[in-house]
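Protein chains: 2
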Amino acid sequence: MRDFTQDHRWLSINTATVRKQQGAEVPLARIIDQCAERGIRAISPWRDQVAAAGLDATARQLRAHGMELSGYCRGGFFPAADAAGLRAALDDNRRAIDEAKTLNAACLVLVVGALPGALDGTPHYTDLARARSEVVDGIAASLEYARQVGMPLAIEPLHPMQAADRACINTLEHALDICDALDPLATGATGDARQAALGVALDVYHVWWDPKLQQQIARAGKERLLAFHVCDWRLPTRDLLSDRGMMGDGVIELKKIRQWVEAAGFAGYSEVEIFSALDWWQRTGEETLDTCIERHRSVV
Amino acid sequence: MRDFTQDHRWLSINTATVRKQQGAEVPLARIIDQCAERGIRAISPWRDQVAAAGLDATARQLRAHGMELSGYCRGGFFPAADAAGLRAALDDNRRAIDEAKTLNAACLVLVVGALPGALDGTPHYTDLARARSEVVDGIAASLEYARQVGMPLAIEPLHPMQAADRACINTLEHALDICDALDPLATGATGDARQAALGVALDVYHVWWDPKLQQQIARAGKERLLAFHVCDWRLPTRDLLSDRGMMGDGVIELKKIRQWVEAAGFAGYSEVEIFSALDWWQRTGEETLDTCIERHRSVV
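Respectively, the protein sequence lines represent chains V and G. For the first sequence, this note's numbering assigns the number 2 to the initial residue and increments by one for each residue that follows. For the second sequence, this note's numbering assigns the number 2 to the initial residue and increments by one for each residue that follows.
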């Protein structure tokens, strides 16, 4: 396992972690500067932040800092109420793939979606198998385009508590079953045979509880492990979406899981993604980023 | 599939559903009377409620009403900080088994526990594999006694969002793996070969999201399906423990899951278990029970 204690060269910051600072939204350009000032070599930004900052301006700023993207957040949300909605989702995913390519991201992360309308509290249907079928169809269609462009797609299995409204792919095993079905040869989107065209983004927050985690990480292998996200599970967890903990402040066995991931061949960034409306989003970005660096060295 | 639309003979009420009425704790004897008044033939009470009411008095009241127990809540919470704690948990589970027998319960439901101390926010350790190992050892020891007494034990897989503090068995597949390991012949605790000594309590709230649910229900079969619990998954879910919905008020495909369970041979009660601090526990018991009956007929 790589030694993280001496530096933070393998630390990436998902910009959601510091998108709010002292309770206020912060522009992406400022976040990039804050990361660059600390020698952070990679980020993973969100589409709405990039849109607000300008795609080309963001690409230029990243190049100027020599900064990489460990991923781009996010494509997905495939299920829809009707055929027009399904088409619109595919179009939106093509745009996300193009943006990810412009920013030279390692992968486009897919939060696949679930029951359409559920996020607004009014699901158009409750047939979970239908949502899953629409997800598979949507990934298949997007994958075709992603292969042409050369942008790997990373399915992020989300915690089962988000199965109704955000993602109906909720275990690594299920995500890998879909990868094997749609990309059986795992031969690469970029001509790079070490990386499959379709793989997974493994966020410890979503999968730490899974009794089959170690087994399925080994199954995934380096070809399918396209991204690795860390944070922690707080006790108590006060909200189903925005109460993630800083690494070390919860119960997730971070080193153990990283060991499994690296034993499978993963050698990329350890990306910190913390949604924390009640805690970290209330602090300064400087404090949050400095703590990420410290914890990356001490507990990841 | 059985027709529930004409009557509620297969409705059971988990007494947690009405343990608070208009915000105040209600004695078990009153809950039993309220259920009996409505022709409800079965309940599943909690140990603390039974202790407060008196075990023998409760047994007498149940007999007087001809009321059955679809289950008894609960044994489990096996992992502990030290050897003394592990022994104390086993002793407590023996008492729970005895109580369940006195009350002639269909099974003792096991909420198996997880990281010891986590419920209080201070886990003694975070080694999830250790907790799972202690759970398996605890079930094995309890099973030996339960076989002597003739009381089936039902492992209840809990939702993964409760993996840290309440139960580290979080999928039906994992629960059945443990059943097969500890009770490979499934030959029965009561001399009744139709019911295994060790099986599962399947609560739709905990398992509805699982992509392997149908497959694993079929695997369980009637021998392992010892209890079936219903409620619903609200949008949004505002609390990880106490924001369950009334059947029909959420997104769980209740009829579909009951169809799978009955196809596997389950022919017992459909037990309503709703923890709802924000909604149903604020209403009268009469309104909650009448609604349970109505929804049992219309959406379960």
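In this text, a Cβ means the ideal position worked out from N, Cα and C, and glycines have one as well.
DSSP three-state label for L63 (chain V), please.
By 1-based counting over the first sequence, the position of residue 63 (chain V) is 62. L63 (chain V): helix per DSSP, three-state reduction.
For A198 (chain G), the nearest candidate out of G:Q283, G:Y146, G:G77 (CA to CA):
Taking the first residue of the second sequence as 1, we reach residue 198 (chain G) at position 197. Residue G:Y146 is the option with its Cα nearest to A198 (chain G).
Any idea what DSSP makes of S13 (chain G), helix, strand or coil?
Taking the second sequence and counting its residues from 1, the one referred to as residue 13 (chain G) is at position 12. Three-state result, S13 (chain G): strand.
Using the beta-carbon of each residue, which ones in chain G are nearer than 7 Å to D166 (chain V)?
As a first step, residue 166 (chain V) is located in the first sequence; it is residue number 165 there, counting from the start. Simply L236.
With three or more beta-carbon pairs closer than 8 Å as the criterion, would you say the segment 37-52 of chain V touches the segment 257-277 of chain V?
yes
Below 8 Å, can you find three or more Cβ-Cβ pairs linking the segment 245-262 of chain G to the segment 214-221 of chain G?
yes
Would the beta-carbon of S166 (chain V) fall within 7 Å of that of A115 (chain V)?
Within the first sequence, the letter at position 165 stands for residue 166 (chain V). Within the first sequence, the letter at position 114 stands for residue 115 (chain V). Sequence check: residue 166 (chain V) is Asp here, not Ser. Yes, Cβ-Cβ distance for D166 (chain V) and A115 (chain V) is below 7 Å.
Out of G:E38, G:D280, G:L255, state which residue places its alpha-carbon closest to the alpha-carbon of Q23 (chain G).
The residue you call residue 23 (chain G) lines up with position 22 of the second sequence. Ranking the options by Cα distance to Q23 (chain G), first place goes to G:D280.
Under 7 Å between C-beta atoms, does W261 (chain V) make it to chain G?
Position 260 of the first sequence, counting from 1, holds the residue named residue 261 (chain V). No, no contact with chain G.
Straight-line CA distance for S71 (chain V) to A17 (chain V)?
Indexing the first sequence from 1 puts residue 71 (chain V) at position 70. Indexing the first sequence from 1 puts residue 17 (chain V) at position 16. Computed Cα separation, rounded: 14 Å.
Tell me the DSSP bridge mates of H230 (chain G)?
Reading the second sequence from its first residue, position 229 is the one you call residue 230 (chain G). In DSSP, H230 (chain G) forms a bridge with G:D204, G:E272.
What does the alpha-carbon distance come out to for the pair V27 (chain G) and H66 (chain G)?
Locating residue 27 (chain G) in the second sequence gives position 26, counting from the first residue. Locating residue 66 (chain G) in the second sequence gives position 65, counting from the first residue. Cα to Cα, V27 (chain G) sits roughly 19 Å from H66 (chain G).
Which of helix, strand or coil DSSP assigns to D49 (chain G)
As a first step, residue 49 (chain G) must be located in the second sequence, where it is residue number 48. Helix at D49 (chain G).
Determine the burial state of N15 (chain V): buried for a count of at least 16 other Cβ atoms within 10 Å of its Cβ, exposed for fewer.
As a first step, residue 15 (chain V) must be located in the first sequence, where it is residue number 14. Buried: at least 16 other Cβ atoms inside 10 Å.
Among the candidates G:P80, G:G249, G:K257, G:W282, whose CA atom is the shortest distance from the CA of E295 (chain G)?
The count along the second sequence starts at 1 and reaches residue 295 (chain G) at position 294. The shortest Cα separation from E295 (chain G) among G:P80, G:G249, G:K257, G:W282 belongs to G:G249.
Taking Cβ positions only, does N15 (chain V) come closer than 7 Å to chain G?
The residue you call residue 15 (chain V) lines up with position 14 of the first sequence. No, N15 (chain V) lies away from the interface with chain G (no Cβ there is under 7 Å from its Cβ).
Can you pull out the residues from the segment 152-163 of chain G whose beta carbon lies closer than 8 Å to at least one beta carbon of chain V?
H160, P161, M162
Closer than 8 Å by C-beta to G86 (chain V): which residues in its own chain qualify, once you throw out the five before and the five after it? Chain order, please.
As a position in the first sequence, residue 86 (chain V) is number 85, starting the count at 1. Here the set comprises P117.
Segments assigned alpha helix (DSSP H), at least 4 residues, entirely inside the segment 111-196 of chain V:
129-150, 173-183
Which chain V residues sit within Cβ distance under 7 Å of H66 (chain G)?
Along the second sequence, read from residue 1 onward, the residue named residue 66 (chain G) stands at position 65. Simply none; closest approach about 36 Å.
Exposed or buried, which one is R277 (chain G) when buried takes at least 16 other CB atoms within 10 Å?
For the purposes of this step, residue 277 (chain G) is taken as the residue at position 276 of the second sequence. The sequence shown places Ser at residue 277 (chain G), not Arg. By the 10 Å Cβ count, S277 (chain G) comes out buried.
Classify E263 (chain G) as helix, strand or coil using the three-state DSSP reduction.
Translated into the one-based positions of the second sequence, residue 263 (chain G) becomes position 262. Note: E263 (chain G) maps to helix in three-state DSSP.
Boundaries (first-last residue) of the beta strand (DSSP E) holding G76 (chain V):
Within the first sequence, the letter at position 75 stands for residue 76 (chain V). It spans 73-77 - the beta strand (DSSP E) in which G76 (chain V) sits, taken as one unbroken run.
S299 (chain V), DSSP secondary structure in three states:
The sequence position of residue 299 (chain V) within the first sequence is 298, counting from 1. Looking at S299 (chain V) - three-state DSSP - the assignment turns out to be helix.
Which residues in the same chain have their Cβ closer than 6 Å to the Cβ of P80 (chain V), if we skip the five residues on either side of it in sequence?
The residue labelled residue 80 (chain V) in the question sits at position 79 within the first sequence. Cβ neighbours of P80 (chain V) beyond the five flanking positions: G114, P117, A132, E135.
Let me know the secondary structure DSSP gives D93 (chain G) once reduced to three states.
Residue numbering aside, residue 93 (chain G) sits at position 92 when the second sequence is read from its first letter. Reduced to three states, the DSSP call for D93 (chain G) is helix.
What is the rounded straight-line gap between the Cα of G55 (chain G) and the Cα of W209 (chain G)?
Along the second sequence, read from residue 1 onward, the residue named residue 55 (chain G) stands at position 54. Along the second sequence, read from residue 1 onward, the residue named residue 209 (chain G) stands at position 208. Distance between the alpha carbons of G55 (chain G) and W209 (chain G) is about 36 Å.
Show which residues of chain G have a CB atom less than 9 Å away from the CB atom of T127 (chain V).
Residue numbering aside, residue 127 (chain V) sits at position 126 when the first sequence is read from its first letter. The contacting residues are G251, V252, I253, E254.
Using a C-beta to C-beta distance shorter than 8 Å, which residues of chain G count as neighbours of L183 (chain V)?
Walking along the first sequence from the start, residue 183 (chain V) turns up at place 182. Those do not exist, as L183 (chain V) stays about 16 Å from chain G at its closest Cβ, beyond 8 Å.
Identify each residue in the segment 263-296 of chain G for which the Cβ-Cβ distance to at least one residue of chain V is less than 9 Å, and report them in chain order.
none
Establish whether the CB of H230 (chain V) and some CB of chain G are separated by less than 7 Å.
Counting from one through the first sequence, the residue named residue 230 (chain V) turns up at place 229. With 7 Å as the cut-off, H230 (chain V) does not count as an interface residue toward chain G.
With burial defined as no fewer than 16 other Cβ atoms inside 10 Å of the residue's Cβ, what is the status of P185 (chain V): buried or exposed?
Stepping through the first sequence from its first residue, residue 185 (chain V) is reached at position 184. Counting Cβ neighbours within 10 Å, P185 (chain V) comes out exposed, since fewer than 16 surround it.
Do you know offhand how far G303 (chain G)'s Cα is from K256 (chain G)'s?
Absent from the structure is residue 303 (chain G), since the part of chain G shown begins at 2 and ends at 301.
Check L290 (chain G) in the structure and name its three-state DSSP category.
On the second sequence, residue 290 (chain G) is found 289 positions in, with the first residue counted as 1. L290 (chain G): helix per DSSP, three-state reduction.
Quick one: is G118 (chain V) near chain G, going by C-beta distance under 7 Å?
In the first sequence, counting from the first residue as 1, residue 118 (chain V) sits at position 117. False, the Cβ-Cβ gap to chain G never drops below 7 Å.
For H175 (chain V), would you say it is in contact with chain G, using Cβ-to-Cβ distances shorter than 7 Å as the test?
Here residue 175 (chain V) is taken as the residue at index 174 of the first sequence, counted from 1. For H175 (chain V), the answer is yes, since a Cβ of chain G falls inside 7 Å of its Cβ.
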